[in-house]
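Mapping the sequence shown onto my numbering, position 122 (from 1) lands on 122, and the numbers just tick up by one.
C-beta atoms are modelled at their ideal positions from N, C-alpha and C, and glycine is treated no differently.
All values reported here derive from a predicted model rather than from experimental measurement.
For reference, the structure is listed below as structure tokens.
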Amino acid sequence: MSESQKDKKPILLSGIQPSGHLALGNYVGAMRNWVNLQEDYLGIFIVVDMHAITVRQKPADLRNRCLSFAAQYLAAGIDPEENIIFIQSHVPQHAELAWILNCYTYMGELNRMTQFKDKSKRHNDNINAGLYSYPALMAADILLYQSDLVPVGADQKQHLELTRDIANRFNNTYSPTFKVPKPFIPKAGARIMSLQEPEKKMSKSDSNANNYIALLDPPDVLRRKIKRAVTDSAREITPDSLQNPGIGNLLTIFSTLNDLDVNEVVNRFAGQQYSVFKGELADSLVAFLEPFQQRYNKIMDEKGYLTSILDESAQRARYMASKTLSKVYRKIGFVAPGRPR
Ligand code: TYM
């Protein structure tokens, strides 16, 4: 496809924080839809390292994870020829626009963000200003590229709504500047739950590795985690299983991995023991993740290839982002450099 044709496609944009281990929840809630939607959009997929430092990270781990996450985007099926994949800190316009948007975001709005409230509870020794104003940085990520659609899991809905409010506020104060993006939240799998504590969401940074499936878990670990996943005291699958957080979550995971409606999955396994269903779920996971991991290992063996994709993408991203940023600077009254005052 030529550059001009690519530029005409609507923009799909999303990002993941390089913290912990990329997990099945991230794949089902977000990445799967990036892959499925990439045909009809120009995809911009970001490893958001600047977001990740709102929680303390070990520098060497952060550095490794940025490359590893980018490689996993590719292994999941994102086509690097047709899309833009980069590391957030390589494009300085994100920090620059975030500052501006901070001045158009109210503290009352930030106070309502449930993710801030949750994270401040979990990291109460480090409730920093970045953690608080994080939604303005996320709005900058999205608005810099005039994005049309943002595929995310349900936990990001509130941040997306705030992004839309900030965009509308800016557009109404000056004149149309930002496209107001739409969220894409999948009907099934928007909130995959923890394996051991199914009343809370699966999180890639959970301190207990048995709570999540990492996309890079080896087959024996995958099987063990599924076998140990918490269910209830019933033993067989019935239509009521969907109401149970533990087994209901496993049924949802099976349905998304096999592209089936969850009710079809219930019908297929109705009357069967949980252990039989869990065995088939583990088989599906291994069948999906083994080839994924092979592709990942191959990409990580050719680091030069990966860094060249990231470099070229960042260059394109800087160009696109600078167009929006200079428009914003002009509208708010900043003097363009080099002009007589
Ligand atoms: P993050 O890194 O927490 O999660 C990445 C993506 O995975 C989705 N997700 C889930 N989906 C289903 N079930 C789960 N258990 C689950 N856990 C996570 C998230 O909804 C998300 O789509 N602020 C964002 C990253 C971000 C971003 C952006 C996203 C920064 N800038 C611009 C979109 C557009 C975050 O912390 O996601």
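**Prompt:** So does Asn26 have its beta carbon nearer than 7 Å to some heavy atom of the ligand TYM?
**Reply:** Here residue 26 refers to the residue found at position 26 when the sequence shown is read from its first residue. Asn26: yes, Cβ under 7 Å from the ligand TYM.
**Message:** Are there any heavy atoms of the ligand TYM lying less than 7 Å away from the beta-carbon of Gly189, as far as the coordinates show?
**Reply:** Against the sequence shown, residue 189 aligns to sequence position 189. Taken from the Cβ of Gly189, at least one heavy atom of the ligand TYM lies inside 7 Å.
**Nearest neighbour of His94, chosen from Gly15, Ser19, Gln57 and Ile237 [CA to CA]** = Along the sequence shown, one-based indexing puts residue 94 at 94. The option with the nearest alpha carbon to His94 is Gly15.
**Item:** Continuous alpha helix (DSSP H) stretch holding Pro151: start and end
**Value:** Taking the first residue of the sequence shown as 1, we reach residue 151 at position 151. DSSP places Pro151 outside any alpha helix (DSSP H); the residue lies instead in the beta strand (DSSP E), whose first and last residues are Leu149 to Pro151.
**Prompt:** Any heavy atom of the ligand TYM within a distance shorter than 7 Å of the CB on Asp217?
**Reply:** Within the sequence shown, residue 217 is the residue found at index 217, counting from 1. Placement of the Cβ of Asp217 at a distance of 7 Å or more from every heavy atom of the ligand TYM is found.
**Message:** Which complete alpha helix (DSSP H) runs does the stretch 1-62 hold, if anything under 4 residues is left out?
**Reply:** Within the stretch 1-62, the runs of alpha helix (DSSP H) at least 4 residues long that lie entirely inside it are, in chain order, 3-8, 32-37 and 49-52.
**Request:** Could you say which of Asp141, Gln115 and Pro10 lies nearest to Ser322 if we only look at CA atoms?
**Result:** Numbered from 1 along the sequence shown, position 322 holds the residue referred to as residue 322. With distances taken between Cα atoms, Ser322 lies closest to Asp141.
**Item:** Phe184: first and last residue of the uninterrupted beta strand (DSSP E) it sits in
**Value:** By 1-based counting over the sequence shown, the position of residue 184 is 184. Note, Phe184: beta strand (DSSP E), Lys182 to Phe184.
**Message:** Assuming Tyr274 and Arg235 are in contact, meaning their beta carbons sit under 8 Å apart, how far apart are those beta carbons, in whole angstroms?
**Reply:** Counted from its first residue, the sequence shown places residue 274 at position 274. Counted from its first residue, the sequence shown places residue 235 at position 235. The beta carbons of Tyr274 and Arg235 sit about 6 Å from each other, so the pair counts as a contact at 8 Å.
**Message:** What I want to know is whether the C-beta of Ser14 ends up closer than 7 Å to one or more non-hydrogen atoms of the ligand TYM.
**Reply:** Position 14 of the sequence shown, counted from the first residue, corresponds to residue 14. The nearest non-hydrogen atom of the ligand TYM is less than 7 Å from the C-beta of Ser14.
**Message:** Using a Cβ distance threshold of 8 Å, determine whether the stretch 305-324 contacts the stretch 63-78, with at least three qualifying pairs required.
**Reply:** With a cut-off of 8 Å, the stretch 63-78 and the stretch 305-324 count as touching, because enough Cβ pairs lie within range.
**Request:** Would you identify the three-state DSSP class for Ile87, choosing helix, strand or coil?
**Result:** Looking up residue 87 in the sequence shown gives position 87. Ile87: strand per DSSP, three-state reduction.
**Request:** Quick one: give me the first and last residue of the alpha helix (DSSP H) that Arg295 is part of.
**Result:** Numbered from 1 along the sequence shown, position 295 holds the residue referred to as residue 295. Looking at the DSSP string, the run of the alpha helix (DSSP H) that includes Arg295 is Tyr274 to Asp301.
**Message:** Let me check understanding here. Comparing Cα to Cα, which of Gly333, Val328 and Gly338 lies closest to Leu144?
**Reply:** As a position in the sequence shown, residue 144 is number 144, starting the count at 1. The shortest CA-to-CA distance from Leu144 to any of Gly333, Val328 and Gly338 is the one to Val328.
**Message:** Under 7 Å: does the beta carbon of Gln293 sit that close to some heavy atom of the ligand TYM?
**Reply:** Taking the first residue of the sequence shown as position 1, residue 293 is located at position 293. The answer is no for Gln293.
**Residue environment, Met107, which counts as buried when at least 16 other CB atoms sit within 10 Å** = Here residue 107 corresponds to residue number 107 of the sequence shown, with the count starting at 1. Answer is exposed; the Cβ neighbour count stays below 16.
**Asked** Just how far apart, CA to CA, sit Pro186 and Pro337?
**Response** Residue numbering aside, residue 186 sits at position 186 when the sequence shown is read from its first letter. Residue numbering aside, residue 337 sits at position 337 when the sequence shown is read from its first letter. Those two C-alpha atoms are separated by around 44 Å.
**Asked** Cβ of Asp347 within 7 Å of any heavy atom in the ligand TYM?
**Response** The structure shown does not extend to residue 347, since the chain is modelled only from 1 through 341, so no value can be given for it.
**Asked** Counting along the chain, where does the alpha helix (DSSP H) carrying Arg268 start and finish?
**Response** Stepping through the sequence shown from its first residue, residue 268 is reached at position 268. Residues Val262 to Phe269.
**Prompt:** Are the Cβ atoms of Glu109 and Pro219 separated by less than 8 Å?
**Reply:** Along the sequence shown, read from residue 1 onward, the residue named residue 109 stands at position 109. Along the sequence shown, read from residue 1 onward, the residue named residue 219 stands at position 219. Contact check for Glu109 against Pro219 fails: the beta carbons are separated by 8 Å or more.
**Request:** If I'm right that Gln146 touches Thr256 with Cβ under 8 Å, what's the distance once you round it to whole angstroms?
**Result:** What you label residue 146 is simply residue 146 of the sequence shown in a count that begins at 1. What you label residue 256 is simply residue 256 of the sequence shown in a count that begins at 1. About 30 Å; that fails the 8 Å criterion.
**Message:** For the ligand TYM, I want to know if Val48 counts as a neighbour, meaning its beta carbon is within less than 7 Å of at least one of the ligand's heavy atoms.
**Reply:** Within the sequence shown, the letter at position 48 stands for residue 48. Yes.
**Request:** Return the chain-ordered list of same chain residues with a C-beta closer than 6 Å to the C-beta of Arg169, the five sequence neighbours on each side being excluded.
**Result:** Reading the sequence shown from its first residue, position 169 is the one you call residue 169. Cβ within range, chain order: Tyr104.
**Prompt:** What number of angstroms, rounded off, separates the C-alpha of Arg32 from the C-alpha of Met113?
**Reply:** Reading the sequence shown from its first residue, position 32 is the one you call residue 32. Reading the sequence shown from its first residue, position 113 is the one you call residue 113. Rounded to whole angstroms, the separation of the alpha carbons of Met113 and Arg32 is 26 Å.
**Prompt:** In chain order, what residues of the same chain lie with their CB nearer than 6 Å to the CB of His21, ignoring the 5 residues before and after it?
**Reply:** Counting from one through the sequence shown, the residue named residue 21 turns up at place 21. Correct list, in chain order: Lys204 and Ala214.
**Prompt:** Taking only runs of the beta strand (DSSP E) that begin and end inside the stretch 73-157, which ones reach a length of at least 3 residues, in chain order?
**Reply:** Fully enclosed beta strand (DSSP E) runs of 3 or longer: 84-87 and 149-151.
**Message:** On the criterion of 16 or more Cβ atoms from any shown chain inside 10 Å, does Asp79 qualify as buried, or is it exposed?
**Reply:** Within the sequence shown, the letter at position 79 stands for residue 79. The residue in question, Asp79, is exposed, as its Cβ has fewer than 16 Cβ neighbours within 10 Å.
**Asked** How big is the Cα-Cα spacing for Lys343 and Met320?
**Response** Given a span of 1 to 341 for the chain in the structure shown, any question on residue 343 remains unanswerable.
**Prompt:** Can the beta-carbon of Ile253 be found less than 8 Å from the beta-carbon of Leu281?
**Reply:** Here the question's residue 253 lines up with position 253 in the sequence shown. Here the question's residue 281 lines up with position 281 in the sequence shown. Yes, these two residues count as a Cβ contact at 8 Å.
**Message:** So Val266 and Pro239 are supposed to be a Cβ contact under 8 Å. How far apart are they, rounded?
**Reply:** Translated into the one-based positions of the sequence shown, residue 266 becomes position 266. Translated into the one-based positions of the sequence shown, residue 239 becomes position 239. 6 Å between Cβ atoms; contact.
**Message:** Let me check you understand the geometry: is the CB of Asp404 closer than 7 Å to at least one non-hydrogen atom of the ligand TYM?
**Reply:** The chain is shown only over 1 to 341; residue 404 falls outside these bounds and no answer can be derived.
**Message:** Whole angstroms are fine: how far does the CA of Ser19 sit from the CA of Val230?
**Reply:** Working through the sequence shown from its first residue, we reach residue 230 at position 230. Working through the sequence shown from its first residue, we reach residue 19 at position 19. Pairing Val230 with Ser19, the inter-Cα distance amounts to about 25 Å.
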